[in-house]
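J.: If you use mature numbering (1 follows the signal peptide of the UniProt record, and there is no 0), the sequence shown corresponds to residues -21 to -1, 1 to 166, in order.
Note that CB positions come from ideal geometry on N, CA and C, so glycine has one too.
This structure is a prediction, so every number in the text was calculated from the model and none was measured.
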Amino acid sequence: MRIFISFFILTTLIFSASSTAASVTTETEQARSIAMQLQQRLGQELKAGIQAGGPRAGIQVCKERAPEIAAELSQQHGIEVGRTALRVRNPNNAPESIHRDVLEDFIDRLADDPNQVPETWVTTDSGERHYLRAIVMQQQCVLCHGKMIGKPVQQALDEFYPDDQATGFAIGDLRGAFLLKFPLTND
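Written as structure tokens, this is what we have:
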């Protein structure tokens, strides 16, 4: 009888651990997909704005559409979707202390392996789970976030973002992170 009970407990633990791992993997895949949707939609609209009206139009698209796209995805998925960074353009995207630590870790992880996009989960004191995925500077980002900002771009940044901190980056640097906040569940 003891052997049966021990076997039952062991089997239950194994299947429980397996189920939890599968749940975490599914949750990460879902979070990654939502972050990629934000990146792709914003990238497409930004590119179209720049093509239609130059960098100034692109900055305006980013200012207006980034929060709207994030709100649409938040509504669609029932979570809070946004971005954060150590050096922000929009002060509303300033990191909470728990996110600041993650962003600093992402810088180290990118230095160790620039080909791997860092991502992680953190749990707040209230038990809410947050997913962060690094935004790595790409060639198309340099126009507005790089080290050599042209005068028309700088004038637009000064107009739309007078407290801008989000310039001076090089390709491969950490620009920020996509931030997804999953609400508490009653599981």
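Consult DSSP for residue 102 and reduce its assignment to one of helix, strand or coil.
T.: Correct three-state label for residue 102: strand.
J.: Could you pull the start and end residues of the beta strand (DSSP E) that residue 159 belongs to?
T.: Counting along the chain, the beta strand (DSSP E) containing residue 159 begins and ends at 153 to 161.
J.: What residue from 115, 156, 162, 163 has the CA that sits closest to residue 75's CA?
T.: Minimum Cα distance to residue 75 is reached at 156.
J.: Give the single residue among 125, 99, 93 whose Cα lies nearest to the Cα of residue 80.
T.: It is 99 whose Cα lies nearest to the Cα of residue 80.
J.: Where does residue 88 sit, in a helix, a strand or coil, going by DSSP?
T.: Residue state, collapsed to three classes: helix.
J.: Would residue 160 and residue 78 be called neighbours here (beta carbons separated by less than 7 angstroms)?
T.: No, Cβ-Cβ distance for residue 160 and residue 78 is not below 7 angstroms.
J.: Leaving out five residues on either side along the sequence, give the residues of the same chain with a beta carbon under 7 angstroms from the beta carbon of residue 96.
T.: Same-chain partners within the cutoff: 112, 113, 115.
J.: Hey, could you find the ends of the beta strand (DSSP E) residue 113 is sitting in?
T.: Start and end: 108 to 115.
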